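A.B. asks: Protein sequences, first through last, are from chains X and V.
Residues 1 to 434 in full-length UniProt numbering are what the first sequence spells out, letter by letter.
Residues 1 to 434 in full-length UniProt numbering are what the second sequence spells out, letter by letter.
All residues carry an ideal CB built from backbone N, CA and C; glycine is no exception.
Owing to the predicted nature of the structure, the values given are computational and were not obtained by experimental measurement.
Number of protein chains: 2
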Amino acid sequence: MDARRVSRQAARLLADTPAIAEAHFRAEAEPYDALSRPDGYLNLGTAENRLLWDLLEGRLAQLPPMTEATARYAPLHGTGVLRGRVAELLSATVGTPLDAEDLVVISGATGALDAIASVLCDPGEAIVVPAPYYGAFDTDLGGRSGARILPAPLDPADGFRLTASAVDRALRRAREEGVTVRAVALSSPSNPIGEVHRPEVLAELLRVVRAHDVDLIADEIYAHAVFGGEAFTSAADPAVNPDWAGRTHVVWGFAKDFGLPGLKTGVLHTRDPRVREAARALAYFAPVSTATQHTLAELLADREWVASFLAAGRLRLGASYGHLTGLLEAYGIPYAPAGAGFSVWLDLGRWLPAAGFEGEELLWRELFEKAKVSILPGGAFRSPRPGWFRLCHTVDAPLVAEAVRRIAVHLGLPPQTGPHDPTPSPAPRNGSRP
Amino acid sequence: MDARRVSRQAARLLADTPAIAEAHFRAEAEPYDALSRPDGYLNLGTAENRLLWDLLEGRLAQLPPMTEATARYAPLHGTGVLRGRVAELLSATVGTPLDAEDLVVISGATGALDAIASVLCDPGEAIVVPAPYYGAFDTDLGGRSGARILPAPLDPADGFRLTASAVDRALRRAREEGVTVRAVALSSPSNPIGEVHRPEVLAELLRVVRAHDVDLIADEIYAHAVFGGEAFTSAADPAVNPDWAGRTHVVWGFAKDFGLPGLKTGVLHTRDPRVREAARALAYFAPVSTATQHTLAELLADREWVASFLAAGRLRLGASYGHLTGLLEAYGIPYAPAGAGFSVWLDLGRWLPAAGFEGEELLWRELFEKAKVSILPGGAFRSPRPGWFRLCHTVDAPLVAEAVRRIAVHLGLPPQTGPHDPTPSPAPRNGSRP
Numbered sequence: 001m002d003a004r005r006v007s008r009q010a011a012r013l014l015a016d017t018p019a020i021a022e023a024h025f026r027a028e029a030e031p032y033d034a035l036s037r038p039d040g041y042l043n044l045g046t047a048e049n050r051l052l053w054d055l056l057e058g059r060l061a062q063l064p065p066m067t068e069a070t071a072r073y074a075p076l077h078g079t080g081v082l083r084g085r086v087a088e089l090l091s092a093t094v095g096t097p098l099d100a101e102d103l104v105v106i107s108g109a110t111g112a113l114d115a116i117a118s119v120l121c122d123p124g125e126a127i128v129v130p131a132p133y134y135g136a137f138d139t140d141l142g143g144r145s146g147a148r149i150l151p152a153p154l155d156p157a158d159g160f161r162l163t164a165s166a167v168d169r170a171l172r173r174a175r176e177e178g179v180t181v182r183a184v185a186l187s188s189p190s191n192p193i194g195e196v197h198r199p200e201v202l203a204e205l206l207r208v209v210r211a212h213d214v215d216l217i218a219d220e221i222y223a224h225a226v227f228g229g230e231a232f233t234s235a236a237d238p239a240v241n242p243d244w245a246g247r248t249h250v251v252w253g254f255a256k257d258f259g260l261p262g263l264k265t266g267v268l269h270t271r272d273p274r275v276r277e278a279a280r281a282l283a284y285f286a287p288v289s290t291a292t293q294h295t296l297a298e299l300l301a302d303r304e305w306v307a308s309f310l311a312a313g314r315l316r317l318g319a320s321y322g323h324l325t326g327l328l329e330a331y332g333i334p335y336a337p338a339g340a341g342f343s344v345w346l347d348l349g350r351w352l353p354a355a356g357f358e359g360e361e362l363l364w365r366e367l368f369e370k371a372k373v374s375i376l377p378g379g380a381f382r383s384p385r386p387g388w389f390r391l392c393h394t395v396d397a398p399l400v401a402e403a404v405r406r407i408a409v410h411l412g413l414p415p416q417t418g419p420h421d422p423t424p425s426p427a428p429r430n431g432s433r434p
Numbered sequence: 001m002d003a004r005r006v007s008r009q010a011a012r013l014l015a016d017t018p019a020i021a022e023a024h025f026r027a028e029a030e031p032y033d034a035l036s037r038p039d040g041y042l043n044l045g046t047a048e049n050r051l052l053w054d055l056l057e058g059r060l061a062q063l064p065p066m067t068e069a070t071a072r073y074a075p076l077h078g079t080g081v082l083r084g085r086v087a088e089l090l091s092a093t094v095g096t097p098l099d100a101e102d103l104v105v106i107s108g109a110t111g112a113l114d115a116i117a118s119v120l121c122d123p124g125e126a127i128v129v130p131a132p133y134y135g136a137f138d139t140d141l142g143g144r145s146g147a148r149i150l151p152a153p154l155d156p157a158d159g160f161r162l163t164a165s166a167v168d169r170a171l172r173r174a175r176e177e178g179v180t181v182r183a184v185a186l187s188s189p190s191n192p193i194g195e196v197h198r199p200e201v202l203a204e205l206l207r208v209v210r211a212h213d214v215d216l217i218a219d220e221i222y223a224h225a226v227f228g229g230e231a232f233t234s235a236a237d238p239a240v241n242p243d244w245a246g247r248t249h250v251v252w253g254f255a256k257d258f259g260l261p262g263l264k265t266g267v268l269h270t271r272d273p274r275v276r277e278a279a280r281a282l283a284y285f286a287p288v289s290t291a292t293q294h295t296l297a298e299l300l301a302d303r304e305w306v307a308s309f310l311a312a313g314r315l316r317l318g319a320s321y322g323h324l325t326g327l328l329e330a331y332g333i334p335y336a337p338a339g340a341g342f343s344v345w346l347d348l349g350r351w352l353p354a355a356g357f358e359g360e361e362l363l364w365r366e367l368f369e370k371a372k373v374s375i376l377p378g379g380a381f382r383s384p385r386p387g388w389f390r391l392c393h394t395v396d397a398p399l400v401a402e403a404v405r406r407i408a409v410h411l412g413l414p415p416q417t418g419p420h421d422p423t424p425s426p427a428p429r430n431g432s433r434p
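1. Along the segment 57-76 of chain X, where does the CB come closer than 8 Å to a CB of chain V? Name the residues.
2. When DSSP labels each residue in this structure, what does P384(V) get in the three-state scheme?
3. Would you check if the distance between the CB atom of V214(V) and the CB atom of A183(V) is smaller than 9 Å?
4. Using the beta-carbon of each residue, which ones in chain V are nearer than 7 Å to Y261(X)?
5. Taking only runs that begin and end inside the segment 202-288 of chain V, name each unbroken alpha helix (DSSP H) of 4 or more residues, in chain order.
6. Determine which residues share a DSSP beta bridge with N191(X) and list them.
7. Starting from P287(X), find everything on chain V with Cβ-Cβ shorter than 7 Å and list it in chain order.
8. If I'm right that H393(V) touches Y321(V) with Cβ under 8 Å, what's the distance once you round it to whole angstroms?
9. My output table needs one value for L44(V): the three-state DSSP class, helix, strand or coil.
10. Since I believe A312(X) is in contact with L60(X) (beta carbons under 8 Å), could you give me their beta-carbon distance rounded to a whole number of angstroms?
11. Just verifying my parser: in three-state terms, what is the DSSP assignment at E321(X)?
12. Closer than 9 Å, CB to CB, is S145(X) near chain V or not?
13. What is the rounded straight-line gap between the Cα of V181(V) and the Cα of F160(V)?
14. Can you tell me whether DSSP reads Y133(V) as helix, strand or coil?
15. Between the alpha carbons of E48(X) and A166(X), how many angstroms are there, rounded?
16. Is the Cβ of G253(V) closer than 9 Å to any Cβ of chain X?
17. How far does the alpha helix (DSSP H) with residue 474(V) in it reach, from first residue to last?
18. Any beta carbon of chain X sitting closer than 9 Å to that of G313(V)?
19. Helix, strand or coil: how does DSSP classify A338(X) here?
20. Classify G111(V): buried if its beta carbon has 16 or more other beta carbons within 10 angstroms, exposed otherwise.
21. List the whole-angstrom C-beta distance separating L363(V) from W351(V), where the pair is believed to meet the contact cut-off of C-beta under 8 Å.
22. Taking Cβ-Cβ distances shorter than 7 Å, what residues in chain X pair up with R8(V)?
23. Using the C-alpha atoms, what's the distance from F285(X) back to P386(V)?
24. Distance, Cα to Cα, residue 447(V) vs T139(V)?
25. Please classify D347(X): does DSSP put it in a helix, a strand, or coil?
26. Can you pull the chain V residues whose beta carbon is under 7 Å from the beta carbon of S118(X), in chain order?
27. Taking DSSP as the reference, what is the three-state secondary structure of residue 458(V)?
28. Could you please give me the residues that DSSP links to R144(X) through a beta bridge?
29. Across which residues does DSSP place A152(X) in a beta bridge pair?
30. Compare the C-beta of A29(X) with all C-beta atoms of chain V and state if any pair is closer than 9 Å.
31. Compute the beta-carbon to beta-carbon distance between N241(X) and Y222(X), rounded to the nearest angstrom, for a pair I have assumed lies under 8 Å.
32. According to DSSP, is P64(X) part of a helix, a strand, or is it coil?
33. Is there a Cβ from chain V that is less than 9 Å from the Cβ of Y284(X)?
34. Find out if the Cβ-Cβ distance for the pair P132(X), S383(X) is shorter than 9 Å.
35. Evaluate R303(V) with the Cβ neighbour count: other Cβ atoms within 10 Å of its Cβ, from every protein chain shown; 16 or more gives buried, anything less gives exposed.
36. So, does the segment 247-254 of chain V touch the segment 262-277 of chain V, judging by three or more C-beta pairs under 8 Å?
Laid out in structure tokens, this is it:
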């Protein structure tokens, strides 16, 4: 049977499949194991937090089973119980009481991003995103809505820190070119950099967004994954956003902060009644299983457990980040410091085998095929400068150590002497597990 | 904060919210109870099978809890395990071995219909659907894809039985009007009629579809809900579809046959590689929770249990249908005979308080507001003739009896004497439950 025509809207999606997902499943199919598969892949490309399961397992096993009511039809934008509990949780995070009626539960943060982009944009209209940015934004925000994603390049000399002026420049340029921009979107805390945006930067960004009369989409899926000195501030916090709350739409989910990416539960918070109504109409196409909503609502019911779980998660993230950066410093691999998230943004620019993004792609392939380490190249994040890579460290520490060792060997870097000794001792190839 | 502009694509959805969902939630908020709320609503508008829970409850409670692997990222078009088990189940239903690789698991049958419509159609292109049809097809097939739904009216004199000639006429008319039709879609067994399409009718339909070079979308979500004399035949069965299998796309899910509508798990089966690839790309936006996939895969693992569960479900459906039709006959309310599904299609044409669809709408409102019985008017199913209503009987028998009694009272019908005595004895108002 011959492959045949599909619609133009479907063909657009096929041309644009996220590389992230592909590398993930390939690496997961043959994973490294010190004993049974020492030449397997080390998947440090996926932003999945594997440090939390022991905290979750017992709790999940205690939850009551599905009831008849659970199995029935429920509002397709989320059960009242789950929305109520999420509103409670996020009210503390955002710094202002959230109304459960302003929440739309939807199948994954991807679904929530797709919904808000489709509500705000018609095909050909644009969303400005500070770059580098979460690579799947292209698909999540633009794939179904037809919106164009316009990068606002941040400055590599400054470690790609967020600045309102970079966003302002991109908005001005779009206007000069006659492009209708409907929104600015960003990850906060940022992904891939792991920057926790300071309140004054967010306030300045909101002034720019307001001056251009566009909406703000804040993907705050890492809101509770903050471990550094800078505390998280939501873009919807009245302290930084006194007058643009109705035009600010926050996305959150259980994938990152709760380490439950398989459960595909995203949330959109929006205060504009018509936007909310339209987002509900889109949630109709991507509802979350009531059984999973029941599980998550029960998980959130015990506030004390949630607080201690999130606190423990932050401590483990900080330790994991510290372990990785110790190794990087010992080998002399430069990186941008992070205060949140699951990854570190490495600067491998000086080791590119060729110039530009072609060289970056080449190094990525070599690392994947020869060193069997899956990390993602900056090009996948629309990095303004070639040579950067995102490495996710939220897996067992020995896997991180083995991955950094393989990268260093591939780059021809001997371990440095110093306070951090990265030598895998005893070496994983010997089968022992430090 | 003022309600503001949303995109044209979102506004289209808002103009088109399915009435089915609205009536459902209103009726569910104040449900009838013989003891505590005798004047409450009787919701016989929703196609939900509430006759199965006792068969499911024990089985679901026995299933193993979520594991770490379950909580992680999985292929977004469905886990291999669930697709494998569904392929096994449906191979027997379709009458030919299905390949798990040809299945796309997606958030609800709605998601599956949206995916196949979006893969086949660009905005403005059309899908022909024999009418009356499942009212949410307008939204499910057209809401996001932008496809136009063109009804192919069936003949009321014939009880709206499916004929290939009605579809052929609609396809010819569309061509004359310069409309590009990409597909014919239908529920099989049909909804709202409950007709089990005979093999020769399906074979004739496939000849028409092929002659017009369009795809066929068969929504077979009631495939196992067949209780009458006619056995189910799939539109993808080689016996009726020897040469159009690559252009035939089957939708199925757990909502109807397994009585688990809250779990939002739909399946698309398609053999065309490019259509499948595009459907997978769309499933990325509406994946099913891995926890729910795990539950369903475990449920399907015990084939003996599944066979006896489905057999028991068919028996209960048949008994429920028999009970309802007995009552209808006793009161003298005409209906179209059904062999499948959860509903009966009532002909209340002679009792319309005004002519045409306005009269139908009026009677629907009276039944809802005064008799507090929620059934759906034929207009919601794009019925070619006013006066028909869909009544779902898959709830406790006393609720069905009370609903029919209220409808009969509203229509001024005394109970007839005869073999079926519809008198609720003892009357539900007395609090006893026959």
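C.D. replies: To lay it out plainly:
1. E57, L60, A61, P65, M66, E68, T70, A71, R72, Y73, A74, P75, L76
2. Here residue 384(V) refers to the residue found at position 384 when the second sequence is read from its first residue. DSSP places P384(V) in coil when its eight states are reduced to three.
3. As a working note, residue 214(V) is residue 214 in the second sequence. As a working note, residue 183(V) is residue 183 in the second sequence. A contact, by the Cβ cut-off of 9 Å.
4. Numbered from its first residue, the first sequence carries residue 261(X) at position 261. Residue 261(X) is actually Pro in this sequence, not Tyr. R72, Y73, listed in chain order.
5. 273-283
6. If you number the first sequence from 1, residue 191(X) lands on position 191. Beta-bridge pairing links N191(X) to no other residue.
7. The sequence position of residue 287(X) within the first sequence is 287, counting from 1. Neighbours of P287(X) on chain V, chain order: S107, G108, K264.
8. Residue 393(V) sits at position 393 when you count from the first residue of the second sequence. Residue 321(V) sits at position 321 when you count from the first residue of the second sequence. Their Cβ separation, rounded to whole angstroms, is 6 Å, which keeps H393(V) and Y321(V) in contact under 8 Å.
9. Position 44 of the second sequence, counting from 1, holds the residue named residue 44(V). Note: L44(V) maps to coil in three-state DSSP.
10. Working through the first sequence from its first residue, we reach residue 60(X) at position 60. Working through the first sequence from its first residue, we reach residue 312(X) at position 312. Contact flag wrong, Cβ pair sits at about 15 Å.
11. As a first step, residue 321(X) is located in the first sequence; it is residue number 321 there, counting from the start. Looking at the sequence itself, residue 321(X) is Tyr, so the reference to Glu does not match. Residue state, collapsed to three classes: helix.
12. Within the first sequence, numbered from 1, the residue matching residue 145(X) stands at position 145. With 9 Å as the cut-off, S145(X) counts as an interface residue toward chain V.
13. Here residue 181(V) corresponds to residue number 181 of the second sequence, with the count starting at 1. Here residue 160(V) corresponds to residue number 160 of the second sequence, with the count starting at 1. V181(V) and F160(V): Cα-Cα distance of roughly 23 Å.
14. Position 133 of the second sequence, counting from 1, holds the residue named residue 133(V). Of the three classes helix, strand and coil, the one that applies to Y133(V) here is coil, per DSSP.
15. On the first sequence, position 48 is the one that residue 48(X) refers to. On the first sequence, position 166 is the one that residue 166(X) refers to. Whole-angstrom Cα-Cα distance: 30 Å.
16. Numbered from 1 along the second sequence, position 253 holds the residue referred to as residue 253(V). It does not: the Cβ of G253(V) has no partner Cβ on chain X nearer than 9 Å.
17. Lying before the first or after the last residue shown, residue 474(V) is absent from chain V, which here runs from 1 to 434.
18. By 1-based counting over the second sequence, the position of residue 313(V) is 313. No, no contact with chain X.
19. Sequence index remark: in the first sequence, residue 338(X) carries index 338 (1-based). Of the three classes helix, strand and coil, the one that applies to A338(X) here is coil, per DSSP.
20. Taking the first residue of the second sequence as position 1, residue 111(V) is located at position 111. That one is buried.
21. Along the second sequence, read from residue 1 onward, the residue named residue 363(V) stands at position 363. Along the second sequence, read from residue 1 onward, the residue named residue 351(V) stands at position 351. At roughly 7 Å, the Cβ-Cβ gap stays under 8 Å, so L363(V) and W351(V) are in contact.
22. As a first step, residue 8(V) is located in the second sequence; it is residue number 8 there, counting from the start. Residues of chain X passing the Cβ test: D122.
23. Against the second sequence, residue 386(V) aligns to sequence position 386. Against the first sequence, residue 285(X) aligns to sequence position 285. Taking the straight line joining both Cα atoms gives about 30 Å.
24. Only positions 1 to 434 of chain V appear in the structure, and residue 447(V) is not among them; the question remains open.
25. For the purposes of this step, residue 347(X) is taken as residue 347 along the first sequence, with counting starting at 1. Three-state result, D347(X): strand.
26. As a first step, residue 118(X) must be located in the first sequence, where it is residue number 118. S7, Q9, A10, listed in chain order.
27. Nothing about residue 458(V) can be read from this structure; chain V reaches only from 1 to 434.
28. Residue mapping note: residue 144(X) aligns to position 144 of the first sequence, counting from 1. Answer by DSSP bridge pairing: none, since R144(X) is not bridged.
29. The sequence position of residue 152(X) within the first sequence is 152, counting from 1. According to DSSP, which records beta bridges pairwise, A152(X) is partnered with P130(X).
30. Stepping through the first sequence from its first residue, residue 29(X) is reached at position 29. A29(X) does not count as touching chain V.
31. What you label residue 241(X) is simply residue 241 of the first sequence in a count that begins at 1. What you label residue 222(X) is simply residue 222 of the first sequence in a count that begins at 1. Going by Cβ atoms, the distance from N241(X) to Y222(X) rounds to 19 Å, so no, they are not a contact pair.
32. Counting from one through the first sequence, the residue named residue 64(X) turns up at place 64. Reduced to three states, the DSSP call for P64(X) is coil.
33. The residue you call residue 284(X) lines up with position 284 of the first sequence. Closer than 9 Å to some Cβ of chain V, the Cβ of Y284(X) qualifies, so yes.
34. Within the first sequence, numbered from 1, the residue matching residue 132(X) stands at position 132. Within the first sequence, numbered from 1, the residue matching residue 383(X) stands at position 383. It is a contact, given that the beta carbons lie within the stated cut-off.
35. Walking along the second sequence from the start, residue 303(V) turns up at place 303. Exposed is the call here.
36. yes
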